[in-house]
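Structure first, commentary second.
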Amino acid sequence: MFREPAVADTQIRLLLQPEHRGQQARYLKATKVALSGYGRVLGPYPYPTLTVVDPPWGAMGAGGMEYPTFITAGTHRMAPASAQSPEGVTIHEFGHQYFYGLLASNEFEEPWLDEGFNEYMEDRVVGAAYGSNRPVLTAFGFRFPIGVAVHRPLDTNRRYFQVATEDVLASPAWKFRTRTSYGANVYSKTALAMATLERLLGTPTMNRALRLYADRWRFRHPTTADWIAAVRDATGRDYRWFFDRTFYSSGAVDYAVVDAKSEKVEPPKGLFESEGGLVEKPPAELAKGKGWKSVATVARLGDVAMPIEIVLKFDGNHTYRSTWDGEARWKRFRVDRGPRLLEAVVDPDEKILLDVDRTNNGRLVRADPRAASRWTARAVFWMQNLIDSLTIAW
Ligand SMILES: [Zn+2]
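So, in structure tokens, the structure goes:
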């Protein structure tokens, strides 16, 4: 039984393969995490039962599927807890009780309303309960944990960045150029767009919008327009511009610091008046240059504009934070006599998760080889594309 007032009062039935008996507690915990995590945001799970099926080895084709009150998950014999499987797939499939079950949107014409919204909520619920994922590499029939943390939702949705401009997200399922683009847009771009919206609105406001949408359309058939209306009504502002630039666009977001310099202010040169005549030496009060002259330029490299924050970090722990509507192609920040500029960073808090290239988001004024190698290591890991987590969730 799982009981949480105003969230669920549900008998959980787990049909587990005998060889996976050791994972019974993990399956049950994940199911409860899902009931609670989704129910608190989207309203109570309305049914008295929920059945979770663990398919046998060799029958993974039956895993990771959703039906009202009945889901199939899946796991491996070797499943380190850090890999978050079977947790991720169990929570994802449960999420479909809401996104397509209670909120019965059209899965073919608007697939992002079920798979994309569910991916977004899965990242939230799994991330809050379990933290970062450490994926497993499968090689020569063995499964090894890799020592790299996978952060939700940014890292779990990286497949979007490879095909960012291939299709308009809001396309019917049969109109995508490739299956890869379908998955990357419908699941991952939607999840990143929703998470970006959450960071622009704040989580409590985002939750109000989600709850309004879920309450209004429970046991009915919502469309994208109904979601946009729920955001408007929950915030009192029209966010159509956001959806035009994300859901209804194939354009990419990419902001970059393209230039960051800091030079010592030199004493002025030339002829100076002194005691009625002209001399080449500047007067004492100007002879010593004061401070540093710093310039940083942030550019919009992508077609899509988003409101963005910029941080300039100066010597002596001074920080200057600015916001920019992001509409123009570039914006320049200049300080004439200040402390030495050390670093400029655009989107320092990782709010605009749709930014397709984060490696250009920061620039050090003095080359710091440690920072460069940190980024290189991360980039190489993602290029190798080794993770197999979440591949069974559909
Ligand atoms: Zn799914």
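Numbering of the sequence shown is given in our numbering, commencing with residue 257 and proceeding in unit increments.
We treat Cβ as the ideally placed atom computed from N, Cα and C, and that holds for glycine.
| Sub-8 Å separation of R556 and R585 beta-carbons | When the beta-carbon positions are compared, R556 and R585 come within less than 8 Å of each other.
| query | Does the region 265 to 276 touch the region 429 to 439, meaning 3 or more C-beta pairs lie closer than 8 Å? | reply | With the cut-off at 8 Å, the region 429 to 439 and the region 265 to 276 do not touch.
| query | Going by C-alpha distance, which of W548, G507, P604 is nearest V419? | reply | Among W548, G507, P604, the Cα nearest to that of V419 is on G507.
| query | Between V217 and the rest of its own chain, which residues show a CB-CB distance below 7 Å, the 5 nearest in sequence each way excluded? | reply | Nothing about residue 217 can be read from this structure; the chain reaches only from 257 to 650.
| To the nearest angstrom, how far is it from the Cα of F364 to the Cα of N374? | Distance from the CA of F364 to the CA of N374, rounded to the nearest whole angstrom, comes to 15 Å.
| Distance, R577 Cα to E565 Cα | Computed Cα separation, rounded: 7 Å.
| request: Check whether the Cβ of N389 lies closer than 7 Å to any heavy atom of ligand 1, and answer yes or no. | output: Result no, Cβ not under 7 Å from ligand 1.
| field | Other residues of its chain near V560: CB distance less than 7 Å, five sequence neighbours each side excluded | value | Cβ-Cβ distances below 7 Å link V560 to R501, S505, G507, A508, V509 in the same chain, with the five nearest sequence neighbours on each side left out; the list follows chain order.
| Alpha carbon to alpha carbon, what distance is there between W497 and A540? | One C-alpha to the other measures close to 56 Å.
| Beta-carbon contacts of A290 that lie in its chain and below 6 Å, excluding the five residues immediately before and after | Correct list, in chain order: I347, F350.
| heavy atom of ligand 1 below 7 Å from N218 C-beta | A query on residue 218 cannot be resolved here, the shown segment of the chain reaching from 257 to 650 and no further.
| field | CA nearest to the CA of Y416, picked from N617, L610, N616, G618 | value | Scanning N617, L610, N616, G618 for the CA closest to the CA of Y416 turns up L610.
| said: Tell me the rounded alpha-carbon separation between W580 and P563. | reply: Taking the straight line from one Cα to the other gives about 6 Å.
| What is the rounded straight-line gap between the Cα of A315 and the Cα of G330? | Cα to Cα, the separation comes out at about 9 Å.
| field | Outcome for E275 when other beta-carbon atoms lying within 10 angstroms are tallied against a minimum of 16 | value | Under this definition E275 is an exposed residue.
| field | Beta-carbon proximity check, R476 vs G299, cutoff 8 Å | value | Cβ distance not < 8 Å, so R476 and G299 don't count as in contact.
| query | Hey, R464 and L358 are a contact pair by Cβ (cut 8 Å); roughly how many whole angstroms apart? | reply | By a beta-carbon distance limit of 8 Å, R464 does not contact L358. Their separation comes to about 18 Å.
| task | Can you check DSSP and say which residues form a bridge with S388? | result | Note: S388 sits in no beta bridge, so no partner.
| query | Does at least one heavy atom of ligand 1 sit under 7 Å from the Cβ of E371? | reply | Flag set: Cβ of E371 near ligand 1.
| Which residue's Cα is closest to the Cα of V521: Y303, L597, P460, E531? | V521 has its Cα closest to that of L597, out of Y303, L597, P460, E531.
| query | Got a sec? Which residues, its chain only, sit under 8 Å from P625 by beta carbon, not counting five neighbours each side? | reply | Note on P625: pLDDT 49, under 50, position unreliable in the model; the coordinate value appears next. Answer for P625: no residue qualifies.
| field | Chain-order list of residues whose beta-carbon lies under 7 Å from that of P523 (same chain, five-residue window excluded) | value | P538, L542, A543, K544, G545.
| Every unbroken beta strand (DSSP E) inside the region 497 to 524 [3 residues or more] | Runs of the beta strand (DSSP E) inside the region 497 to 524: 511 to 520.
| Hey, is H477 close to ligand 1, as in C-beta under 7 Å from one of its heavy atoms? | Not under cutoff, so the answer is no.
| said: Can you tell me whether K569 is helix, strand or coil according to DSSP? | reply: Correct three-state label for K569: strand.
| field | DSSP state of S341 mapped onto helix, strand, coil | value | S341: coil per DSSP, three-state reduction.
| task | Return the CA-CA distance between S629 and T615, expressed in angstroms with no decimal places. | result | Because the pLDDT at S629 is just 49, under 50, the model does not fix this residue reliably, and the point stays unresolved.
| Helix, strand or coil: which one does DSSP assign to W580? | Strand at W580.
| field | When G372, P311, P367, Y386 are compared against R282, the one with the closest alpha-carbon | value | Among G372, P311, P367, Y386, the Cα nearest to that of R282 belongs to Y386.
| query | Quick one: does the C-beta of N441 sit closer than 7 Å to a heavy atom of ligand 1? | reply | No, the Cβ of N441 stays beyond 7 Å of every heavy atom of ligand 1.
| query | Under three-state DSSP, which class holds G702? | reply | The structure shown does not extend to residue 702, since the chain is modelled only from 257 to 650, so the question has no answer here.
| request: Taking E260 as the reference, give the member of Q280, M377, Y301 with the closest Cα. | output: Closest option to E260, Cα to Cα, is Y301.
| Does the beta-carbon distance from V309 to T287 come in below 8 Å? | Not a contact, by the Cβ cut-off of 8 Å.
| query | Would the beta-carbon of N413 be found less than 7 Å away from any heavy atom of ligand 1? | reply | Ligand 1 has no heavy atom closer than 7 Å to the beta-carbon of N413.
| query | Cα separation between S338 and V392? | reply | The alpha-carbon of S338 is positioned some 9 Å away from that of V392.
| message | Below 7 Å, is the gap between the Cβ of H276 and the nearest heavy atom of ligand 1? | response | False, no ligand heavy atom lies under 7 Å from that Cβ.
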